[in-house]
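What follows is a set of notes on a single structure, which appears directly below.
Chains as they are written, first to last, in our numbering: chain A, 4 to 461; chain B, 4 to 461.
Structure follows, in structure tokens:
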């Protein structure tokens, strides 16, 4: 008998799940209906800052698979259709067409909740004024691009110095604007330790970006026309004809909460290792609306990142399709860049290690991306955090230029394997003068960390 | 009482050992004498092709630490002094000054044998003719550069298509020469499988390098002036006013053999995990003159590579200095490039896996270095070899352009950790559009390999 899979959310997780399930079960065996309240599907939200910056010309390039392509594979994708209720006992979903469309109930055997995340918008005066933009969706990006074209914009303020914030600061700079980045924490890139974040700050200031930290945004000031004219913090006012919000996101789990599904401390859905919502049968969730296990800290985290969302979708689709796949957790890897400055981290930063009850040593070294004598050798700073006594790698942070960011993958694999920094010093990493000094920067940092473990953890 | 450390060979391993021992024991505790028969010390032999190519202007840039710097740290470095005998019972070394210099015996408490490797020179007619160059030492590089400046050279033949061979083919091309690469095997880069070597061949041919494979060099033909004029294989003749030998190297272990020290099947010294020569006390060896354990195949290998040589030196110096360090082995990582084509491998290729008694599956995929829509996204081909039944990663090979080579480090760490390709599919690798597609190419390959393990190893 034909089963029915209903997917709520037509982006990375939802459509990967649908595609993978379809690969394994044909339409006679599994009917697939996907509801997406927006007008785009399967696009790379991570690519939006690069489209705004001008690296990517056409937003359609960000779409991995169009609605038509999904439909051609017998996936009944319904754009502009919002799920408004999950009835767990009745195993059905209530939907509503946008702009006053009709409501309907759709039954399911399997349900995938892939409702994603919503940007954090602090409840401050003026936050909804004309000229204040988020960058979460393709629609957001279109509105921002139109604003740059249409309005007289000389000054941009980016609120929030995380990944999206620093990427958008670059994008605004490349539109020739005067850019101020406002960050509540001590340094931008608060996913790094402050000493490493400071390097990002210095680099950004060197590019001409004004970086103001340690102050909270209090109000978006508007002119007589209702448009933004400045941003006020508890310290100062910053002129702005455009404001970009990069304050991060929180899980969109309204439907799940109303249905009584289990949520974690960060508001994300809780799943088991197969990405099934805890305590349910046939209800699956993944991507930006779930919490994931950090394998280093042992704690749950909310991490909105396309690569996790795609993995979750494939795992869910495999399991619905009759295969077997699990998601063991993350180690907290993230990479980004501001102009030519590359930023990478994996594992725990110091405050996360402390919060997890861990004691640790740290080592910071400077090296280069290539042999020092090779043209293009770019400096990089590498920080390692290693567990006290055991020497187990706990975290790796890198700030540098060309060739810096993806070196963090060495740490990502070593963290997954539970390696010690002592073991890492023997790693047989790729060496040739155009690609690395004879001691790769990560080896140098591991070596220094191992020495610290020996000398300070007697 | 002051002990004495004698080092034979003043390059990476020898001088790293000396430096590390000196860091830990001062001159009153440990006298250090290093004999080097050449006139240079502590230089990057791996950098020579890039100097010849013109990437590096000044060969002095390849010198990591000068003789004066070593001497300033109380290391008695004697250049132009060749060790000619090791007397194990008497614990002394006989040396001879070059150009008829005097002989002397020097006693030791610790001896480091770091005699390196010598280039393979096939015993064919004409191999010693004017215009035939090796690229093993700085002196070789100087002779080759002088030849390009002095002689009328239009055609260069590079004999041997390994790392040095392909790098030197690029270097000759960049001097504006017509270049032919001769390789005995089926494809250049025989450290890769033939299907991956074929990609290197195609790329080189696209650059205008003539690549002739499957034929053995029979003779170097000379003109009336005694200078090279062509190279003859068993198939054809190739005009050449310059010939570069890139046939690899073999361990230089003449002294060790004569002293009765244990050598392996490849002629390299055999050591224990602390880099002490097997069955001895206080006799240490490392770098290009030893055999190393391949952790994937379980077999001994000879691998001449600066990064291993430096690790060995530091380990030896640490142990002589009263610390503790070991070298667990290698996983066979190597990276290189020809112009903008990056080449990387780690673990075993198919023939090595078979020779080790392993059964395996393979997966080959094509992907890009960045998100497909991001400018500069460069194609790469990734091959994974995974063990039959268990799915354990056995090998990773990558041929691509910018961003390809160092991705092999993911495999190097996973091989060291004994991960399966199934485990690798969950790796939390760095993702952002400028650095990777949402599925890193290595994840795509691991995923395909894991699928093959499941479907073919029932």
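By construction, the Cβ of each residue, glycine as well, lies at the ideal position given by its N, Cα and C atoms.
Along chain A, in chain order, which residues have C-beta atoms closer than 7 Å to that of residue i?
i, result
"residue 238 of chain B", "Within chain A, no residue comes near residue 238 of chain B; the closest Cβ sits about 31 Å away, beyond 7 Å."
"residue 287 of chain B", "Correct list: empty, because the minimum Cβ distance to chain A is about 17 Å."
"residue 422 of chain B", "420"
"residue 399 of chain B", "Result: empty, since nearest Cβ-Cβ is about 11 Å, beyond 7 Å."
"residue 49 of chain B", "435, 436"
"residue 336 of chain B", "431, 432, 433"
So with CB distances below 8 Å, who are the chain A contacts of residue i?
i, result
"residue 339 of chain B", "435"
"residue 378 of chain B", "58, 59"
"residue 313 of chain B", "441, 442"
"residue 308 of chain B", "434"
Cα separation between residue i and residue j?
i, j, result
"residue 123 of chain B", "residue 455 of chain B", "40 Å"
"residue 157 of chain B", "residue 163 of chain B", "19 Å"
"residue 353 of chain A", "residue 399 of chain B", "34 Å"
"residue 240 of chain B", "residue 75 of chain A", "58 Å"
"residue 204 of chain A", "residue 238 of chain A", "19 Å"
"residue 295 of chain A", "residue 303 of chain A", "5 Å"
"residue 129 of chain A", "residue 256 of chain A", "26 Å"
"residue 444 of chain A", "residue 372 of chain A", "7 Å"
"residue 385 of chain B", "residue 349 of chain B", "12 Å"
"residue 422 of chain A", "residue 422 of chain B", "12 Å"
"residue 95 of chain A", "residue 333 of chain A", "32 Å"
"residue 285 of chain A", "residue 151 of chain A", "46 Å"
"residue 298 of chain B", "residue 323 of chain B", "25 Å"
"residue 377 of chain B", "residue 344 of chain B", "19 Å"
"residue 134 of chain B", "residue 187 of chain B", "21 Å"
"residue 458 of chain B", "residue 26 of chain A", "15 Å"
"residue 184 of chain A", "residue 161 of chain A", "5 Å"
"residue 407 of chain A", "residue 180 of chain B", "35 Å"
Determine which residues share a DSSP beta bridge with residue i and list them.
i, result
"residue 395 of chain B", "B:423"
"residue 444 of chain B", "The partner list for residue 444 of chain B (beta bridge, DSSP) is empty, contrary to what the question assumes."
"residue 100 of chain A", "A:84"
"residue 248 of chain A", "A:162"
"residue 5 of chain B", "Beta-bridge pairing links residue 5 of chain B to no other residue."
"residue 208 of chain B", "Partner(s): none; residue 208 of chain B has no beta bridge."
"residue 136 of chain B", "B:247"
"residue 363 of chain A", "A:390"
"residue 382 of chain A", "A:371"
"residue 90 of chain B", "B:95"
How about residue i and residue j: do their beta carbons lie closer than 8 Å?
i, j, result
"residue 169 of chain A", "residue 341 of chain A", "yes"
"residue 143 of chain B", "residue 41 of chain B", "no"
"residue 291 of chain A", "residue 119 of chain A", "yes"
"residue 272 of chain B", "residue 167 of chain B", "no"
"residue 121 of chain B", "residue 252 of chain B", "yes"
"residue 175 of chain B", "residue 159 of chain B", "yes"
"residue 336 of chain A", "residue 431 of chain B", "yes"
"residue 23 of chain B", "residue 317 of chain B", "yes"
"residue 397 of chain B", "residue 361 of chain B", "yes"
"residue 301 of chain A", "residue 249 of chain A", "no"
"residue 191 of chain B", "residue 220 of chain B", "no"
"residue 182 of chain B", "residue 212 of chain B", "yes"
"residue 79 of chain B", "residue 51 of chain B", "no"
"residue 370 of chain A", "residue 460 of chain A", "no"
"residue 149 of chain B", "residue 47 of chain A", "no"
"residue 216 of chain B", "residue 189 of chain B", "yes"
"residue 338 of chain B", "residue 434 of chain A", "yes"
Which residues of chain B have a Cβ atom closer than 8 Å to the Cβ of residue i, listed in chain order?
i, result
"residue 411 of chain A", "433"
"residue 65 of chain A", "376"
List the residues of chain B that residue i touches, going by C-beta distances under 7 Å, in chain order.
i, result
"residue 108 of chain A", "Per Cβ cutoff of 7 Å: no residues; residue 108 of chain A is ~34 Å from chain B at best."
"residue 408 of chain A", "433, 438"
Just to make sure I have the definition right: I need the residues of chain A whose C-beta is within less than 9 Å of the C-beta of residue i. Which are they?
i, result
"residue 46 of chain B", "Those within 9 Å of residue 46 of chain B in chain A number zero; the least Cβ separation is about 10 Å."
"residue 321 of chain B", "Neighbours of residue 321 of chain B on chain A: none; closest Cβ ~10 Å, over 9 Å."
"residue 330 of chain B", "429"
Could you work out which residues of chain B lie near residue i, taking near to mean beta carbons separated by less than 9 Å?
i, result
"residue 415 of chain A", "413, 416, 430, 431, 432, 433"
Where are the alpha helix (DSSP H) runs, 4 residues long or more, that stay fully inside the stretch 37-63 of chain B, in chain order? 51-56
Residue ranges of each alpha helix (DSSP H) within the stretch 229-310 of chain B, 4 or longer: 257-261
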